[in-house]
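Here's the structure we're looking at; comments come further down.
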Amino acid sequence: MNILAIESSCDETAVAIVRDGREVLTDCIASQVALHREYGGVVPEIASRKHMEAIYALADQALEEAGLTRQAIDAVAVTYAPGLIGAVLVGVNFAKAAALAMNKPLIPVHHIRGHIAANYLAYPELEPPFLCLVVSGGHTMIVEVKDYTDMRILGTTLDDAAGECFDKVGRVLGMPYPGGAALDKAAQQGDESKYHLPCAKPGTNPYDMSFSGLKTATLNLIHHAEQVGEALDVNSLCAAFTAAVSETLVPRVVRALKETGYRKVAVAGGVAANSRIRHDILEAAGALEAQVYMPPLKLCGDNGAMIGAQAYYEYLAGHVADMSLNAYATKSILGEAL
Ligand code: KG4
Ligand code: ZN
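This is the structure we're talking about:
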């Protein structure tokens with residue numbers, strides 16, 4: 016089954032064609048990152064307009080690269096939630112029109128389910144059940160993937176997402192948007208023991224997380240150094256910050272592995288590209304003899320292929336939509352009736 020998959024929830028317009036949920040025939044991306052960099056973050060109105068300009072040509076390009084005609088497409092999938100609402104609407108509207116014009120099923124996909132499904136593309140042998148640490152710009156959670164479309168949230172951030180904090184700290188340090196990748200690079204040159212930053216343990220659920228205290232403490236440290244004219248060791252501060260994020264995430268993953276008995280853990284989302292987090296997860300899960308699944312960097316960030324992968328399983332579960340499909344800025348990853 017060839018699925019044409021559309022992703023436009025943030026600042027990448029992406030169209031992919033994925034066969035049977037596992038084989039990427041093509042994965043086209045038109046990134047707007049350079050444009051938003053000028054403003055230090057995504058400007059929603061600009062994002063929507065750029066999606067609108069790019070999406071049709073990108074879909075044509077995807078067909079051409081895959082060497083397929085429209086007749087060879089069996090269904091159209093789209094990220095319908097969550098994301099910048101104007102941006103998601105562009106993809107949903109395009110997908111509805113394409114499905115209607117080609118008379119094919121329309122499959123709505125939750126963006127975070129898509130991130131998890133990036134692992135199915137990287138690891139053909141991976142099948143649920145498994146645990147997944149989701150760390151993106153907007154979400155941070157530990158999910159039990161019981162089946163392809165049946166999930167349970169063990170814990171989640173109670174405030175900021177990890178990626179949001181990477182971006183905020185990166186911005187204040189003068190790094191180009193999005194700050195995560197630059198901060199990762201700087202951290203590799205630093206000495207994390209030079210700065211002490213807090214790791215919060217919020218609430219009563221041991222799997223819940225909090226990053227806003229860490230973010231504020233890091234920003235305060237930067238501003239204080241500026242005010243008193245103290246030279247900041249940026250690399251070491253980045254190392255200490257990244258260590259604190261990892262020390263929030265990884266022990267919770269370890270606890271989840273121990274308590275659930277699973278021996279398979281996947282990582283998903285843009286922050287899953289972080290070298291320190293990848294290293295720490297590998298080491299900690301390895302000590303428990305758990306298998307770790309980490310998509311290559313290209314599949315960690317937003318892309319269309321991950322939406323096409325998850326769409327296949329949503330389709331098999333009967334999750335198709337009609338022309339009344341709407342877009343949502345926020346929506347739980349848990350299976351809503353569509
Ligand atoms: O999953 P994603 O592409 O978009 C959302 O769904 O939010 O994640 C983007 C986030 C950004 O916050 C970006 O700074 C972060 O992923 N990111 C990283 C790294 N590469 C991307 N954060 C830490 N280390 C990295 N190497
Ligand atoms: Zn994403």
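In this note's numbering, the protein residues as written are 16 to 353.
Think of the CB as a built atom: it goes at the ideal place given N, C-alpha and C, for glycine as much as any other residue.
Would you kindly check if the distance between the Cβ of residue j and the Cβ of residue i is under 9 Å?
i, j, result
"Leu136", "Val33", "yes"
"Asp223", "Gly170", "yes"
"Val184", "Phe256", "yes"
"Tyr163", "Ala133", "no"
"Ala31", "Gln47", "no"
"Ser23", "Val103", "yes"
"Ile348", "Ile127", "yes"
"Val150", "Gly284", "yes"
"Ile70", "Val105", "yes"
"Leu99", "Val57", "yes"
"Ala254", "Ala202", "yes"
Would you decide whether residue i is buried or exposed? Buried here means 16 or more other CB atoms lie within 10 Å of its CB.
i, result
"Gly148", "As written in the sequence, residue 148 is Leu, which differs from the Gly given in the question. Answer is buried; the Cβ neighbour count reaches 16."
"Met166", "buried"
"Glu142", "exposed"
"Ala112", "exposed"
"Asp337", "exposed"
"Leu272", "buried"
"Gly244", "exposed"
"Asp75", "exposed"
"Pro311", "exposed"
"Gln242", "exposed"
"Thr263", "buried"
"Thr155", "buried"
"Glu179", "buried"
"Cys25", "buried"
"Gln325", "buried"
"Ala82", "The question names Ala, but residue 82 in the sequence shown is Gly. Answer is exposed; the Cβ neighbour count stays below 16."
Would you mind giving the Cβ-Cβ distance between residue i and residue j, rounded to the nearest angstrom? I have them listed as a contact below 8 Å.
i, j, result
"Tyr308", "Gly36", "About 15 Å separates the two Cβ atoms, so there is no contact after all."
"Arg270", "Pro221", "6 Å"
Please work out which residues of its chain come closer than 6 Å, Cβ to Cβ, to residue i, disregarding the five sequence neighbours upstream and downstream, and give them in chain order.
i, result
"Ala114", "Val91 and Leu121"
"Asp89", "Met16 and Asn17"
"Ala352", "Residue confidence for Ala352 is low, a pLDDT of 47 falling below 50, so the modelled location carries little weight; the figure read from the coordinates is stated next. None."
"Ile322", "Ala20, Glu22, Ala92, Thr94, Val124 and Gly129"
"Glu80", "Thr41"
"Glu27", "Ile44, Ser46 and Asp317"
"Lys65", "Gln47"
"Asp199", "Asn289 and Ser290"
By Cβ distance below 7 Å, which residues in the same chain neighbour residue i in space, the five residues on each side in sequence not counted?
i, result
"Gln86", "none"
"Val265", "Asp295, Ile296 and Ala299"
"Phe145", "Val160, Tyr277, Lys279, Val280 and Ala281"
Exercise. Okay, do the stretch 337 to 344 and the stretch 87 to 107 touch, 3+ Cβ pairs below 8 Å being the bar?
Worked result: yes
Exercise. Do the stretch 227 to 234 and the stretch 201 to 218 touch if we need at least three Cβ pairs shorter than 8 Å?
Worked result: yes
For this session: Would you check if the stretch 301 to 318 and the stretch 272 to 285 touch, i.e. whether three or more CB-CB distances between them fall below 8 Å?
Result: yes
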